[in-house]
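Here is the structure we will look at, set down as structure tokens.
Protein chains: 2
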Amino acid sequence: MPIEYKPVPAIEKCFKVLDLFASSKKPLSISEISKFLDFNKSTVFHIVYTLNDLGILENGTENKFRLGRQLYVLGKAAGKESELIHTVRPYLEKIAKETKLTAFLGVLSNNSVVIVDKVDSPYGIRVSSEIGLSIPLLAGAIGKVFLSQMSDPEVDKILSREKLKKYTPFSCNNVAKYKEMIQEVRENGVAIDREEYIEGIRAMAVSLKVGEHRLLASMWFVGLSIQLKDEVLPKFLRIIKDVAQEINAHFV
Amino acid sequence: MPIEYKPVPAIEKCFKVLDLFASSKKPLSISEISKFLDFNKSTVFHIVYTLNDLGILENGTENKFRLGRQLYVLGKAAGKESELIHTVRPYLEKIAKETKLTAFLGVLSNNSVVIVDKVDSPYGIRVSSEIGLSIPLLAGAIGKVFLSQMSDPEVDKILSREKLKKYTPFSCNNVAKYKEMIQEVRENGVAIDREEYIEGIRAMAVSLKVGEHRLLASMWFVGLSIQLKDEVLPKFLRIIKDVAQEINAHFV
DNA sequence: AATGATAGTTTTCTCTAGAGAACAAATATG
DNA sequence: CATATTTGTTCTCTAGAGAAAACTATCATT
Numbered sequence: 097m098p099i100e101y102k103p104v105p106a107i108e109k110c111f112k113v114l115d116l117f118a119s120s121k122k123p124l125s126i127s128e129i130s131k132f133l134d135f136n137k138s139t140v141f142h143i144v145y146t147l148n149d150l151g152i153l154e155n156g157t158e159n160k161f162r163l164g165r166q167l168y169v170l171g172k173a174a175g176k177e178s179e180l181i182h183t184v185r186p187y188l189e190k191i192a193k194e195t196k197l198t199a200f201l202g203v204l205s206n207n208s209v210v211i212v213d214k215v216d217s218p219y220g221i222r223v224s225s226e227i228g229l230s231i232p233l234l235a236g237a238i239g240k241v242f243l244s245q246m247s248d249p250e251v252d253k254i255l256s257r258e259k260l261k262k263y264t265p266f267s268c269n270n271v272a273k274y275k276e277m278i279q280e281v282r283e284n285g286v287a288i289d290r291e292e293y294i295e296g297i298r299a300m301a302v303s304l305k306v307g308e309h310r311l312l313a314s315m316w317f318v319g320l321s322i323q324l325k326d327e328v329l330p331k332f333l334r335i336i337k338d339v340a341q342e343i344n345a346h347f348v
Numbered sequence: 097m098p099i100e101y102k103p104v105p106a107i108e109k110c111f112k113v114l115d116l117f118a119s120s121k122k123p124l125s126i127s128e129i130s131k132f133l134d135f136n137k138s139t140v141f142h143i144v145y146t147l148n149d150l151g152i153l154e155n156g157t158e159n160k161f162r163l164g165r166q167l168y169v170l171g172k173a174a175g176k177e178s179e180l181i182h183t184v185r186p187y188l189e190k191i192a193k194e195t196k197l198t199a200f201l202g203v204l205s206n207n208s209v210v211i212v213d214k215v216d217s218p219y220g221i222r223v224s225s226e227i228g229l230s231i232p233l234l235a236g237a238i239g240k241v242f243l244s245q246m247s248d249p250e251v252d253k254i255l256s257r258e259k260l261k262k263y264t265p266f267s268c269n270n271v272a273k274y275k276e277m278i279q280e281v282r283e284n285g286v287a288i289d290r291e292e293y294i295e296g297i298r299a300m301a302v303s304l305k306v307g308e309h310r311l312l313a314s315m316w317f318v319g320l321s322i323q324l325k326d327e328v329l330p331k332f333l334r335i336i337k338d339v340a341q342e343i344n345a346h347f348v
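The listed protein sequences correspond, in order, to chains G and L.
According to the numbering used here, the first sequence is numbered sequentially starting from 97.
According to the numbering used here, the second sequence is numbered sequentially starting from 97.
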């Protein structure tokens with residue numbers, strides 16, 4: 097492992113462009129990309145046409161590009177290989193089966209959480225969050241769980257930059273109170289969302305530290321409030337805490 | 097559209113590395129990549145660690161890398177966007193339903209055919225070919241259909257470089273005879289595989305010309321020989337030829 | 001229709017990245 | 001155990017890439 101090394105700027109820029117396409121969900125022009133990413137038009141031009149030639153991007157309508165099939169093929173291969181997904185997936189399936197909740201695995205990426213895997217609930221309800229989607233960092237259980245793994249200065253920085261939104265009447269948008277909730281998560285090891293993000297929906301989340309760099313990830317479980325009544329919470333929370341410990345041990 | 101432009105070498109190298117991982121199916125070290133791709137170790141080193149930091153690759157066992165979850169996420173997004181897949185998918189589904197065959201969509205890539213989409217047969221048999229997999233170019237119906245779209249010199253070049261394999265007793269490994277078959281496909285517009293690649297399995301294939309650069313693709317349909325008896329072939333061939341024309345018209 | 005603004009493309013030049021060499025560490029062989 | 005080979009990492013320098021500027025084409029506004 098290198099002590100330090102110099103990253104390749106063209107590759108970093110290239111994947112920033114691809115990330116923009118992934119989150120944009122619509123075709124983008126050279127000028128749009130240049131503006132969004134604050135890259136020189138000439139730089140974007142060369143990156144985009146290189147990727148176009150490789151099939152990673154493809155020309156949609158005139159002068160607009162979209163993600164291409166070659167990226168899809170690579171992503172398929174990656175899905176089969178990713179250690180994180182392979183390791184965590186069986187646990188998501190087990191807990192989804194046991195709790196009848198919808199299970200998610202996500203990682204922190206650019207101040208939002210990206211869903212990298214998902215196991216639907218056998219219960220029959222379908223939560224409208226798909227793999228690849230980004231969720232706001234400060235939404236529901238996820239926000240608390242990720243911020244609980246950060247230092248106080250990092251938490252302060254994020255809370256000064258992003259407003260706590262009142263998604264439902266139960267949402268907390270008082271910064272001091274929110275910090276108290278984060279402190280509780282630090283102590284308990286789990287975060288609970290009691291209809292703070294979507295009315296009628298509850299969730300519980302736990303943080304994971306995965307891979308060589310102990311990267312922050314989280315798995316969270318979502319269901320109707322009647323599925324996550326206070327009576328069953330202790331049992332479910334025990335399950336996900338135990339599993340989190342098992343997963344974290346795997347990556348040590 | 098530029099008259100000509102200079103591609104970004106770092107990006108080209110980067111995706112050659114990722115393609116190698118996708119086809120390799122196992123973790124690779126810096127030296128292995130360097131040898132396979134004939135890249136300098138220092139170059140590979142910097143590419144690999146840059147991709148590692150971005151989550152596109154991740155460290156598996158010590159000093160070996162694998163495809164990472166961030167690539168999987170991008171690939172998922174790409175799958176939702178790819179015009180080729182979006183355009184052709186409904187036809188594959190329709191024909192799979194109508195014919196009870198397993199339907200594939202593939203593109204030519206580095207002298208083999210990569211499966212980019214697949215619709216399983218409602219009939220119940222499962223063909224063991226998954227999205228992302230490569231199939232030898234000169235295998236069954238696919239080979240004939242792709243070579244039928246190439247010039248005679250290109251065909252000669254490929255046939256001099258790669259041997260015609262005797263996969264089954266029905267396989268043709270006589271070059272002159274194979275060329276006659278290719279000529280037939282040129283005339284008929286479809287290729288048929290009568291147990292030439294896998295015994296007991298028949299297939300029919302048609303070529304597509306898609307995207308701005310009229311890239312070569314193909315869709316093919318595979319089933320048990322009893323599903324593709326000579327009696328039903330004319331009807332099925334008519335269906336896939338009509339659909340191919342419809343798809344090709346979409347990309348003009 | 002004329003003018004201004006925006007987007008895409010090309011050219012040029014300076015700063016930097018890729019390849020080669022050297023070095024350190026790990027592994028294989030005798 | 002000693003030596004040779006291979007792999008990974010770091011350093012250096014020259015050829016080349018990224019950004020700026022200029023140019024061309026298209027679109028929007030008056």
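Just so you know, even glycine gets a beta-carbon here, dropped at the ideal spot from N, CA and C.
Anything in chain L within Cβ reach of residue i, meaning under 7 Å, just list it in chain order.
| i | result |
| --- | --- |
| residue 167 of chain G | 170, 171, 174 |
| residue 330 of chain G | Residues of chain L passing the Cβ test: none, with the nearest at roughly 32 Å. |
| residue 212 of chain G | 165, 168, 169 |
| residue 132 of chain G | The premise fails here: residue 132 of chain G is roughly 16 Å from chain L at the closest Cβ pair, so nothing lies under 7 Å. |
| residue 297 of chain G | The contacting residues do not exist; residue 297 of chain G stays about 24 Å from chain L at best. |
| residue 111 of chain G | 150, 152 |
In terms of alpha-carbon separation, which member of the options lies closest to residue i?
| i | options | result |
| --- | --- | --- |
| residue 267 of chain L | L:346, L:236, L:172 | L:236 |
| residue 260 of chain G | G:232, G:250, G:247 | G:232 |
| residue 128 of chain G | G:161, G:148, G:107, G:198 | G:161 |
| residue 194 of chain G | G:317, G:343, G:342 | G:317 |
| residue 286 of chain L | L:295, L:333, L:246 | L:333 |
| residue 335 of chain G | G:178, G:103, G:188 | G:188 |
| residue 395 of chain L | L:98, L:118, L:135 | Any question about residue 395 of chain L goes unanswered here, given that chain L covers just 97 to 348. |
| residue 144 of chain L | L:114, L:121, L:173, L:202 | L:114 |
| residue 338 of chain L | L:212, L:262, L:228, L:190 | L:190 |
| residue 141 of chain L | L:322, L:110, L:186, L:103 | L:110 |
| residue 215 of chain G | G:227, G:292, G:306 | G:227 |
Within 10 Å of its beta-carbon, does residue i have 16 or more other beta-carbons around it, so buried, or fewer, so exposed?
| i | result |
| --- | --- |
| residue 346 of chain L | exposed |
| residue 123 of chain L | buried |
| residue 328 of chain G | exposed |
| residue 331 of chain L | exposed |
| residue 166 of chain L | buried |
| residue 256 of chain G | exposed |
| residue 295 of chain L | exposed |
| residue 283 of chain G | exposed |
| residue 247 of chain G | exposed |
| residue 138 of chain L | exposed |
| residue 172 of chain L | buried |
| residue 238 of chain L | buried |
| residue 341 of chain L | exposed |
| residue 272 of chain L | exposed |
| residue 326 of chain L | exposed |
Quick check on the DSSP output: the beta strand (DSSP E) that includes residue i runs from which residue to which?
| i | result |
| --- | --- |
| residue 217 of chain L | Careful: residue 217 of chain L lies outside any beta strand (DSSP E) and carries neither H nor E. |
| residue 265 of chain L | Unbroken run through residue 265 of chain L: none, as it is neither H nor E. |
| residue 232 of chain G | 230-232 |
For residue i, write down the residues that DSSP places opposite it in a beta bridge.
| i | result |
| --- | --- |
| residue 198 of chain G | G:318 |
| residue 300 of chain G | G:288, G:317 |
| residue 312 of chain L | L:305 |
| residue 213 of chain L | L:201 |
| residue 161 of chain G | G:124, G:155 |
Using a cut-off of 8 Å between C-beta atoms, extract the partners of residue i located in chain G.
| i | result |
| --- | --- |
| residue 343 of chain L | By Cβ distance, chain G contributes nothing, its closest Cβ being about 14 Å from residue 343 of chain L, past 8 Å. |
| residue 102 of chain L | 142 |
Between which two residues does the alpha helix (DSSP H) containing residue i stretch?
| i | result |
| --- | --- |
| residue 108 of chain G | 105-120 |
| residue 330 of chain G | 329-346 |
| residue 141 of chain G | 137-150 |
| residue 325 of chain L | Here residue 325 of chain L belongs to no alpha helix (DSSP H), and DSSP marks it neither H nor E. |
| residue 249 of chain G | 248-257 |
Taking C-beta pairs closer than 7 Å, name the residues in chain G that residue i reaches, listed in chain order.
| i | result |
| --- | --- |
| residue 126 of chain L | Here the premise fails: no neighbours, minimum Cβ distance about 11 Å. |
| residue 180 of chain L | 165 |
| residue 312 of chain L | Within 7 Å Cβ-Cβ: nothing; residue 312 of chain L doesn't reach chain G, min ~12 Å. |
| residue 106 of chain L | 104, 106, 107 |
| residue 228 of chain L | 169, 172, 173 |
Listing by chain order, which chain L residues have their CB less than 8 Å from the CB of residue i?
| i | result |
| --- | --- |
| residue 187 of chain G | Residues of chain L passing the Cβ test: none, with the nearest at roughly 15 Å. |
| residue 145 of chain G | 98, 101, 103 |
| residue 271 of chain G | In chain order: nothing, as chain L lies at least about 31 Å away. |
Check the Cβ of residue i against every Cβ in chain L and list those closer than 9 Å, keeping chain order.
| i | result |
| --- | --- |
| residue 216 of chain G | Near residue 216 of chain G there are no residues of chain L at all, since even the closest Cβ is about 16 Å away, more than 9 Å. |
| residue 265 of chain G | What residue 265 of chain G touches in chain L: nothing, since even the nearest Cβ is about 33 Å away. |
Run the proximity test for residue i: is its beta-carbon closer than 6 Å to any non-hydrogen atom belonging to the ligand GTP?
| i | result |
| --- | --- |
| residue 103 of chain L | The ligand GTP is not part of the structure shown, which contains no ligands of any sort. |
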